[in-house]
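Please read the structure below before turning to the comments.
Residue numbers (the working numbering): 30 to 111.
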């Protein structure tokens with residue numbers, strides 16, 4: 030199995046899950062054509078993206094609010110570097 034260069038340093042499932050969520054947030058931010066510097070990085074913004082993508086906020090997402098919020102902010106930081 031050939032590994033992607035961008036994910037070559039991922040060593041466990043949690044890291045892979047985090048990368049998938051960061052990439053989802055980045056994709057959705059880019060689709061809105063809003064510059065990352067204009068985003069506040071709030072949980073409200075992150076939950077809005079999740080609700081629009083998945084159709085609802087699941088219990089698991091609510092329980093992992095802190096982690097998802099951090100992943101959303103990481104996605105914003107990565108987009109600002111581009």
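Even for Gly, the Cβ is constructed at its ideal location relative to N, Cα and C.
Asked: From the DSSP output, in three-state form, read off residue 106 for me.; Found: helix
Asked: Would you tell me roughly how many angstroms separate the C-alpha atoms of residue 111 and residue 82, rounded to the nearest one?; Found: 24 Å
Asked: Residue 81 lies in the alpha helix (DSSP H); which residues open and close that run?; Found: 72-83
Asked: Check the C-beta distance from residue 105 over to residue 53 and give it rounded, since I have them as a contact under 8 Å.; Found: The Cβ separation is near 13 Å, so there is no contact.
Asked: With a CB to CB cut of under 7 Å and the five nearest residues on each side skipped, what residues in its chain are close to residue 46?; Found: none
Asked: Note down the Cα distance separating residue 86 from residue 93, rounded to an integer number of angstroms.; Found: 11 Å
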